[in-house]
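Residue numbers (our numbering): 169 to 418.
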């Protein structure tokens, strides 16, 4: 059914377009930005200095210090990690809206933030790989939020999007698990997609996910990609959960 102009005006009156983060009414016909200017201005990047490998903020510690407790236990196959914002309001609200509330249009904005990151992936041998979700979650949501972000990143950087991994087990939700439980929960759950090896072998992989918490999912994914011959794997996430943050990862 197509609505006339007055029908659209009535719909906007009854269901006015709101900011995806704070739900504040946004003027216009709903075709404008999905996030208000105030929320955009509140998105916070992590402070410097950061760990050269995982970009965890190091506070007063020397940036050249050899050890980082946040990525110390990561496998060598996970080369590095980069993220756009700290997982706190409004970034966590946007992650939740994309992941659970059906705001798939947010992937354009959020994926653009990933493309702007200082991460490898501009060469001919670079590919973009989304972290796969489970079949059950795919049926429930209708999309994989990591894939939507990866599509935007690949388009902006002119890179190939490769569905190299699939999730072979459902596993438990990572939300309430401890770091050790997270690692065990995703151990060995990622399998190769048939025909992916020639596209990944020798490539620098940008592995895309919405949130970085402990790195357990990225570590398991990177191990699977390395077995396909990936030259390096860099996790690229929209937001990172820091210990001082007010909320846990969605």
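Glycine included, each C-beta is placed from N, C-alpha and C at the ideal position. All values reported here derive from a predicted model rather than from experimental measurement.
Beta-carbon contacts of residue i that lie in its chain and below 6 Å, excluding the five residues immediately before and after
i: residue 297; result: 330, 332, 373 and 375
i: residue 336; result: 357 and 359
i: residue 210; result: 258
i: residue 181; result: Its pLDDT being 46, under 50, residue 181 is placed unreliably by the model, and nothing is read from it.
i: residue 271; result: 188 and 265
i: residue 288; result: 372 and 402
Where residue i falls, given that 16 or more other Cβ within 10 Å makes a residue buried
i: residue 216; result: exposed
i: residue 300; result: buried
i: residue 191; result: exposed
i: residue 251; result: buried
i: residue 304; result: exposed
i: residue 226; result: buried
i: residue 322; result: buried
i: residue 386; result: buried
i: residue 284; result: exposed
Residues near residue i by beta carbon distance below 8 Å, same chain, minus five either side
i: residue 293; result: 370, 371, 372 and 399
i: residue 393; result: 245, 297, 332, 333, 368, 373, 375 and 401
i: residue 276; result: 320
i: residue 172; result: Reliability fails at residue 172, whose pLDDT of 48 lies under 50, so the model's placement of it is uncertain and no value is given.
Cβ-Cβ distance between residue i and residue j below 7 Å
i: residue 404; j: residue 255; result: no
i: residue 422; j: residue 409; result: Residue 422 is absent from the structure shown; the chain starts at 169 and stops at 418.
i: residue 406; j: residue 278; result: yes
i: residue 274; j: residue 188; result: yes
i: residue 253; j: residue 314; result: no
i: residue 239; j: residue 221; result: yes
i: residue 365; j: residue 396; result: yes
Residue i beta carbon near the ligand ADP (any heavy atom closer than 6 Å)
i: residue 406; result: You won't find the ligand ADP in this model; it holds no ligand whatsoever.
Terminal residues of the beta strand (DSSP E) in which residue i lies
i: residue 360; result: 358-360
i: residue 446; result: Absent from the structure is residue 446, since the part of the chain shown begins at 169 and ends at 418.
i: residue 380; result: 372-380
i: residue 495; result: Given a span of 169 to 418 for the chain in the structure shown, any question on residue 495 remains unanswerable.
i: residue 297; result: 294-298
i: residue 226; result: Run containing residue 226: none; DSSP gives neither H nor E here.
i: residue 314; result: Premise fails: residue 314 lies in the alpha helix (DSSP H), 313-325, not in any beta strand (DSSP E).
Delimiting residues of the alpha helix (DSSP H) encompassing residue i
i: residue 369; result: Premise fails: residue 369 is in no alpha helix (DSSP H) and is neither H nor E.
i: residue 308; result: 303-309
i: residue 146; result: The structure shown does not extend to residue 146, since the chain is modelled only from 169 to 418, so the question has no answer here.
i: residue 263; result: 259-268
Close Cβ partners of residue i (< 7 Å) along its chain, the five nearest in sequence each way excluded
i: residue 186; result: 192, 193 and 194
i: residue 207; result: 187, 189, 190 and 258
Legend entry - Stretch-stretch touch, CB-based, cutoff 8 Å, three pairs: the stretch 310-325 with the stretch 364-377: Contact holds: three or more Cβ-Cβ distances are below 8 Å.
Legend entry - At least 3 beta-carbon pairs within less than 8 Å: the stretch 262-275 vs the stretch 234-246: Contact between the stretch 262-275 and the stretch 234-246 is absent, because fewer than three Cβ pairs lie under 8 Å.
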